[in-house]
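Below is one structure, written out as structure tokens; the observations come after it.
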Amino acid sequence: MKTLLLALNAKYIHSNIAVRYLQKYAAPSLSAPVYILELTINNRLDFILDEIFRRSPDCLLFSTYIWNVSMVRQLAAEYRKLRPDVIIGAGGPEVSYESEDFLRQNPCFDLVVRGEGEETVRQLLSAAESGSAWQSVPGLTVRAKNGVRTNPPQPPLDLALLPFPYKKDLSDAPEQIKYYESSRGCPFQCQYCLSSIEKGVRTAPLKKVFAELKIFLDAKVRQVKFVDRTFNCDVRRALSIWRFLRDNDNGVTNFHFEITAELLNRETLDFLRTVRPEQFQFEIGVQSTNPRTLAAIRRQNDWPRLCAIVQEIKSFHNIHQHLDLIAGLPYENYDSFRRSFNDVYALEPEQFQLGFLKILKGAGLFHDQAKYGLVSRDYPPFEVLYTPDLPYADTLRLKAVEEMVERYYNSGRFVHTLRWLFSQLKDPFLFYQALGDRYLAENRHYASQSLDQCYSFFYSFCAAQPAVDTGLLAQYLKLDYCLHQRPRRRPDWFPGPQAAPFRQRCLLFLEQQGNLARFLPDYSESDPQLLYKLVHFEPFFRNVLTGEDTPVILLFDYRRRDLLGNARVEAVELSRD
């Protein structure tokens, strides 16, 4: 029997850890191999269907999430026409908690795998391969002769038995982000999150975790994202893993963790100060700073402590922090969200994620929609349209704020300009709101914007703000521009030097071997003419790195970039001969 596990990821750069676990866990019990097909939601339906048919599975199982469930339904129905005798099933968070309704509404499916699926899928495939009755396997909801039946749940899996999901040489996901899981479950009861459903936390043995992390480290992969819901809920265990990663650092790999900042104790904070810059990044869910909202969603934030810890970590200059807010939560109106926004923005996280509440099947707010008056879309991703406190007109305006934050803050391309601006402008939310209003008024949302258009629009908007020095604005904005790419055609707001004399001074600088050894050690090229095309020199009438009112020339090295894509930059002196 040929089995195909199909993953439709949101982006190509993502890898699907779920289907890999299923394949690796089931394989020792089967005589026939289990195959994986990993594509994205950006592939055409016909292309995906053709790829499924070329593999011609007898059992087709979909990994299902809010972002792909519509495509999964269509693909299953079309493949059923081609292979009426095939077993078709779905698993994942989008189908686990309303499994009977899903089967009733989608007659092309034979089964749903509820919850974690390793043991369930192993038993299902073993029974199907041997010709036994797979319909009675625990953890399944199945289509039976007399309707739909839900079997008893599968006992939780001992994570010591969980296989390493990737090939040992990582050749199955060479360019993709690697996801890793060292625990399952969450100790908290946040009502918007599916992790609140599972009680307790299970962990894999540290010896196993260290051995598997060593595989990533030895391969020098670019990034590993832990999918543990609250990585540091066990403070001692988290510190042990972090110590292992620091002590075995390869100088390349970045590890991403979702943490609760308030749980970080003094010992852990002192340790985090010692890790390599960009080795770790933390995602910290704030969601709201409205006490009534936090009580409704059963989220316990110690805001003063969270602020103090985030600011202390920021002072280390070695860990990127991502802070999250959710719009559309109970009791949060437009003004309340504005306060939450400004509270978080003041912490200056490297990434500020503004999302909208999604009513996830099975989560607490799914069952309490009527209680709180939450009205959401009937189609994925089931985002809230409006609440008694947030009419749809306000939701729509917040969407524009989200777009501006994503484009101008989270892109990392305007960091220095924004920091300088908000040393003068006191309400970040109102700034992004006005920026979004103008963006819409100029109909820029109708077509994609080039980077140069984004910079020019931003300059023209900021230059029109009261008390903004347009000369300094241009200086900071061109710093941000040059950090990401060499300027080609300079717009009106981007002042530059006289080309020929300045170019000659740069070439003289590049002819000096001492300058190359000090400032450009990663370049083997010795031809100044070639080097001049690979790096960039830019004069500023103010030192935009230190804030001093003295002229400076900055050298941008594009072979050395940080995690956000910023080139390494240093002040240099050029000869005037």
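The numbering used here applies: residue 23 is where the sequence shown begins, and numbers increase by one. Quick reminder that beta carbons are idealized off the backbone N, C-alpha and C, glycines included.
Distance, Cα to Cα, V406 vs L396?
7 angstroms
According to DSSP, A589 sits in a beta bridge with which residue or residues?
Bridge partners of A589 according to DSSP: R583.
Could you tell me which whole alpha helix (DSSP H) segments of length 4 or greater appear in the segment 64-125?
67-77, 91-104 and 115-118
Return the first residue and the last residue of the beta strand (DSSP E) that H506 is part of.
No beta strand (DSSP E) holds H506; the alpha helix (DSSP H) holding it covers T492 to H506.
At what residue ranges does the segment 362-410 contain a whole run of the alpha helix (DSSP H), taking only runs of 4 or more?
386-389 and 391-394
Helix, strand or coil for Y57? Go by DSSP, reduced to three states.
strand
Suppose contacts are defined by Cβ-Cβ distances below 7 angstroms. Is V108 in contact with D68 by that definition?
no
I'd like the ranges of any beta strand (DSSP E) spanning at least 3 consecutive residues and lying wholly in the segment 210-273.
223-225 and 245-248
Excluding the five sequence neighbours on either side, which residues of its own chain have a C-beta within less than 7 angstroms of the C-beta of C484, listed in chain order?
L443, V490 and L495
Can you check which of these residues, T172, S310, Q373 and P106, is closest to D585 by C-alpha distance?
Note that residue 585 is Leu in the sequence shown, not Asp. Selected option, being the one with the closest Cα: Q373.
Give a yes or no on whether the C-beta atoms belonging to P187 and Y43 are separated by under 7 angstroms.
yes
What are the boundary residues of the alpha helix (DSSP H) that includes S152?
That run of the alpha helix (DSSP H) goes E140 to S152.
Less than 7 angstroms separating the beta-carbons of I219 and G384?
yes
Among the candidates S546, F559 and D514, whose CA atom is the shortest distance from the CA of C528?
Taking only the C-alpha atoms, the option nearest C528 is F559.
If you measure between the beta carbons of V170 and L125, is that distance less than 7 angstroms?
yes
Among the candidates F388, V574 and P209, whose CA atom is the shortest distance from the CA of V223?
In terms of Cα proximity to V223, the closest of F388, V574 and P209 is P209.
With three or more beta-carbon pairs closer than 8 angstroms as the criterion, would you say the segment 47-61 touches the segment 262-274?
no
Evaluate contact between the segment 285-298 and the segment 312-324, counting only Cβ atoms and requiring at least three cross-stretch pairs below 8 angstroms.
no
Give the secondary structure of Q322 by DSSP, where H, G and I count as helix, E and B as strand, and everything else as coil.
coil
Hey, which unbroken runs of the beta strand (DSSP E) at 3 residues or more fall wholly within the segment 528-589?
558-562 and 574-583
Of the choices R508, Y503 and F524, whose alpha-carbon is the least far from that of W515?
Y503
Tell me which residues share the same chain as C215 and place their Cβ nearer than 7 angstroms to its Cβ, disregarding the 5 neighbours each side in the sequence.
Excluding positions up to five away in sequence, the list reads A385.
Have a look at H506 and G587 and give me their C-alpha separation to the nearest angstrom.
6 angstroms
Answer yes or no: do Y353 and T315 have a C-beta to C-beta separation smaller than 7 angstroms?
yes
Under 7 angstroms between the Cβ atoms of D579 and A593?
no
If we count the other Cβ atoms within 10 Å of its Cβ and call it buried at 16 or more, is A469 buried or exposed?
Exposed, by the Cβ-count rule.
Please classify P600 as buried or exposed, where buried requires at least 16 neighbouring CB atoms within 10 angstroms.
Residue 600 lies beyond the residue range present for the chain, which begins at 23 and ends at 599; the question has no answer from this structure.
Give me the DSSP bridge partner(s) of K200.
V246
Quick one, are the C-beta atoms of H278 and K236 less than 7 angstroms apart?
no
Taking the alpha-carbon of H342 as reference, which of R327, F302 and G350 has the nearest alpha-carbon?
The candidate whose alpha carbon is nearest that of H342 is F302.
Would you mind working out which of Q333, M426, S478 and V243 sits nearest Q375, comparing C-alpha positions?
M426
Tell me whether the beta-carbon of Y47 lies closer than 7 angstroms to the beta-carbon of R144.
The beta carbons of Y47 and R144 sit closer together than 7 angstroms.
Under DSSP, the alpha helix (DSSP H) around L420 begins and ends at which residues?
Counting along the chain, the alpha helix (DSSP H) containing L420 begins and ends at Y414 to M426.
Specify, as a first and last residue, the run of the beta strand (DSSP E) that S205 falls within.
S205 to G207
Assign G350 to one of three DSSP states: helix, strand, or coil.
coil
Am I right that N90 and L30 are in contact with their C-beta atoms under 8 angstroms? What's the rounded C-beta distance?
4 angstroms
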